[in-house]
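Some notes on the structure that comes next.
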Amino acid sequence: MARKPSVQLAKWLLFVWLATNPLCSASKKNNGVVCNATERQALLKFKLALQASFSSDNPLFSWVGDDCCRWIGVGCDSETGHVIKLDLSGAYPNMSVSGKMDPSLLKLKHLSHLDLSGFFFGDKLIPNFFGSFMKLRYLNLSYTYFAGTIPHQLGNISSLHYLDFKQDRDSLLKVDNLQWLSHLSSLEYLDMGSVNLSMVADWLQPINMIPSLSVLRLSSCGLRNFPTLPHLNFTSLTILDLSSNAITSKSLDWLSNLPNLESLDLSHNRLEAPFPSSLRGCNLLKLDFSWNNMTGEVNRFLESLTRCSASNLKKHESSVFMRELDLSYNNFSGTIPESLGQLTELVHLRMSHNSLEGTISEAHFANLTRLETLYMSENSFVFNVGHHWIPPFQLKYVGLRSCQIGPPFPTWLQFMKKDRLEIDFSQSQISGFMPDWFWNLSSQISYVDISQNLIYGKIPSSLNFVPRAMIDFSSNRFEGSLPQNVSDASILDLSNNFFSGPIKMSIMSVQYLSLLNNSLSGSIPSSICSIHDLSVLDLSKNNLTGQIPLCLFSLPYVLDLSYNNLNGLIPNSFGPNGGLIWLQLSHNNLSGLLPPSIGTQSALLALDLSGNRLSGIIPSSFYKFTSMISRAGIGKIPENIGNLQQLESLDLSQNHLSGAIPSSISALTFLSSLNLANNNLSGRIPSGSQLQTFIDPSIYAGNYGLCGLPLPKPCVGEAPHTFFGEDEQDGTEHLWFYVGVTPGFVVGFWVVCGILIFNKPWRIAYYRFFDRLSERLDGFYVKLVVKVVKKNEGLAT
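Numbered per mature numbering (1 follows the signal peptide of the UniProt record, and there is no 0), the sequence shown spans residues -26 to -1, 1 to 771.
Structural data, given as structure tokens:
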């Protein structure tokens, strides 16, 4: 205790010496050093050549005055004044560069650090003169939007320790060979994420010649294999990231040659290898094998981790330092040993979508005090924890979909105290009443999916979740009135329950609202029209009555009011050139004419008006549709229906349409589905290139006045028909079928893909909706797209 004053005094004297000693001070006022005039002119010339426009908060705006060492982003040697550092990283989100990189920078002969990351160069080439910065130790060109081939001249910078080319996934930067890398013998860090390496067959060989390499990141580079080398020289490698490639290796034995590996990411590849028994996991902080086709039992690996001896650990005493383990979306099997609880530093554990099984007990989590993420969905786990169990961790994300965690609602959830909790307990065999404490926890929840269980009870009149939360209570046994006040949400799905009474909900903002298949009654309140950001509204399969609010058709992209008791006219209030893509009004008591304003919905993909009392002909404005017209009224098929050039599916069956089938229908080159059955049509069935593909007579059945192929009834003056498949025409007809259907499929596929891929909220919200509706579509492409979107979104899995 007596030594404390002397220690404090020593620290104080050291601080005073460091603050006043001119050799340690960076103050230019003390040593009088200013920047070199030649280097100052070089920087100004570089700035001028960029021809960039920038605001006052941009570092280049400060490049005025005589002393360039005071300019933002410029670092000088405190003794000589030479520019040794140029850091312009991340300062140009709104700056456009119309000029070029000027070679005047080469006059910065002492430059050792160059960081242009985040600088938008608009697909320009990386200058060859970059290879002449002979003293450069640090070069960061990440997210610079350079394009073309990386110049081989960079191999001349033998002093480089850090090299970063990481780009966005749509990068146009590529490499034709990597031999120049072998000359960078001092390189410790290399990131070429999203640089195209697909043309480099021997990509591993030159990298293997860099013994000092500690970090290697080659994510999304188009790699297809891991080349075989007689010897891997990666003894210094601590981080290896080969994620999001197309590597198809069936063996991972080469991992045994990486003794000091701390982080390994091989996710999103096509690996079919068994779990590598030779993997040395004692030093691993992160292991990610997710989204592959790997096999084998994981319990052996987990047990080996917990058997790591203290002598094999670098700097830890007796606990394994694994922080992140992701084995999800594979074909792993086996059970989870209780020794999992010895991974005391584990923060993220993801094992969902495998073939794992067995009982998970409290012992598995006994010492996992740091655990924040627990994803074990889509396995055959049975959770056996006590009713009064208090977990040692504070989870942020928990996904146990299709695991058996019931029957009672898991009480341990109430001890999670995180601010933004994400929960997926769907299909988890939970039954019984929802506990009251759950509603007190709701203010911390940003994502909750408890769908497809047998949960009973009433929902409070007010739901208060985290703003923009995703809430799915569908397919349970909730009853009573709908909540009257709901906080802003992205998704609110209360479908397939037993809610009753009128819709009296006050919601400021929601993108996806589904009340499908309840027992709701009364009219649709016009207040729904005041909900901000509404994109999907599904009120189908209820007992709603009255007329449809006029304002409703100008709001959502997807509107389903089918299977109710709505009456009156369909309002002629569709907004011009609106974004409506799906309109379902079938099986109501709607009457009158079809409103012409429906035809202004140029994005419409599906329209179902069947099971109503509509009359009249199809308005001429409908000719702009791009997809389905389904079962509408009484009248004739318009002659100029051929104007619907992008029409993919036409269903006018089960109506009272009369007259002849217009010959212009043969001009619908993208038509892949046709149904005109059960009307009063007459005359000859038109022929033409696209109609050649429709050889099923049933699509014309029930029209007793029709004649001609493919019906067996010949028209007057025709010989009896020879049907397809009975002679040599069979092969030709099949060829016509594929030629005709393919364009329609391709166009339709990418229409839906484009919507779902480029709009993230749609990817999250709509896959549930289209799951339920896809059965009613003619064609399978929406099902395919939905499955792809669900697989790649991976919410709470």
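In this text, a Cβ means the ideal position worked out from N, Cα and C, and glycines have one as well.
C-alpha distance - residue i paired with residue j, whole-angstrom precision
i: Phe732; j: Trp363; result: Unreliable placement is indicated for Phe732, whose pLDDT of 43 sits below 50; the coordinate value is still reported in the next sentence. Between Phe732 and Trp363, the C-alpha separation is close to 44 angstroms.
i: Leu164; j: Ile669; result: 60 angstroms
i: Gln403; j: Leu526; result: 38 angstroms
i: Leu253; j: Gln666; result: 60 angstroms
i: Pro366; j: Phe473; result: 37 angstroms
i: Pro523; j: Ser536; result: 15 angstroms
i: Arg281; j: Ser329; result: 25 angstroms
i: Gly92; j: Lys391; result: 37 angstroms
i: Pro311; j: Pro381; result: 24 angstroms
i: Val321; j: His126; result: 42 angstroms
i: Gly55; j: Asn114; result: 23 angstroms
i: Asn517; j: Ile477; result: 11 angstroms
i: Leu171; j: Ser225; result: 22 angstroms
i: Leu24; j: Asp89; result: 16 angstroms
i: Gln15; j: Phe104; result: 19 angstroms
i: Asn257; j: Asn10; result: 48 angstroms
i: Ser186; j: Ser488; result: 57 angstroms
i: Ser528; j: Arg44; result: 57 angstroms
i: His506; j: Val484; result: 6 angstroms
i: Met166; j: Gly360; result: 49 angstroms
i: Leu80; j: Met482; result: 58 angstroms
i: Asn414; j: Arg587; result: 48 angstroms
i: Ser30; j: Lys21; result: 15 angstroms
i: Leu342; j: Val372; result: 14 angstroms
i: Arg344; j: Glu319; result: 6 angstroms
i: Ser480; j: Val149; result: 56 angstroms
Paired residues, beta bridge with residue i - DSSP
i: Val510; result: Tyr486, Val532
i: Leu80; result: For Leu80, which the question treats as bridged, DSSP gives no partner whatsoever.
i: Thr519; result: Asn539
i: Val7; result: DSSP, once it has assigned bridges, lists no residue as partnering Val7.
i: Leu190; result: Leu164, Leu214
i: Pro248; result: Thr269
i: residue 775; result: Residue 775 is absent from the model: the chain starts at -26 and stops at 771.
i: Glu312; result: For Glu312, which the question treats as bridged, DSSP gives no partner whatsoever.
i: Leu320; result: In DSSP, Leu320 forms no bridge with anything.
i: Ala16; result: Answer by DSSP bridge pairing: none, since Ala16 is not bridged.
i: Phe28; result: The partner list for Phe28 (beta bridge, DSSP) is empty, contrary to what the question assumes.
i: Val71; result: Ala26
Beta-carbon gap between residue i and residue j smaller than 9 angstroms
i: Gly315; j: Ala340; result: yes
i: Leu685; j: Pro694; result: no
i: Val169; j: Ile221; result: no
i: Asn427; j: Gln458; result: no
i: Leu238; j: Leu214; result: yes
i: Gln121; j: Leu147; result: According to the sequence provided, residue 121 is Ala. The question's Gln does not apply to it. Yes, these two residues count as a Cβ contact at 9 angstroms.
i: Leu564; j: Ala580; result: no
i: Leu60; j: Gly73; result: no
i: Met296; j: Leu279; result: yes
i: Val440; j: Asp398; result: no
i: Ile465; j: Ile433; result: no
i: Ile58; j: Ser36; result: no
i: residue 789; j: Gly662; result: Since the first residue shown for the chain is -26 and the last is 771, residue 789 is missing from the structure and cannot be characterised.
i: Met350; j: Leu323; result: yes
i: Ser547; j: Leu567; result: no
i: Phe200; j: Asn231; result: no
i: Ile424; j: Phe407; result: no
i: Leu513; j: Leu494; result: yes
Cβ-Cβ separation, residue j to residue i (assumed contact under 8 angstroms), whole Å
i: Glu236; j: Thr202; result: Rounded, the Cβ-Cβ distance is 24 angstroms, inconsistent with contact.
i: Ser490; j: Lys515; result: For the record, residue 490 in the displayed sequence is Leu; it is not Ser. Confirmed, Cβ separation roughly 6 angstroms.
i: Gly676; j: Ala651; result: 5 angstroms
i: Leu680; j: Leu648; result: Contact flag wrong, Cβ pair sits at about 13 angstroms.
i: Asp97; j: Tyr119; result: 6 angstroms
i: Ser188; j: His157; result: Not really, about 18 angstroms apart at Cβ, beyond 8 angstroms.
i: Leu216; j: Leu178; result: Contact flag wrong, Cβ pair sits at about 10 angstroms.
i: Gln388; j: Val356; result: With a Cβ gap of about 21 angstroms, Gln388 and Val356 do not count as contacting.
i: Ser264; j: Ser302; result: 5 angstroms
i: Asn305; j: Ile334; result: With a Cβ gap of about 20 angstroms, Asn305 and Ile334 do not count as contacting.
i: Asn219; j: Gly196; result: 7 angstroms
i: Asn541; j: Gln521; result: 7 angstroms
i: Gly657; j: Ile635; result: 7 angstroms
i: Phe447; j: Gly431; result: Wrong, their Cβ atoms sit about 10 angstroms apart, outside the cutoff.
Q | Entirely enclosed beta strand (DSSP E) segments - the region 359 to 428, minimum 3 residues | A | 371 to 373, 395 to 398, 405 to 407, 419 to 423
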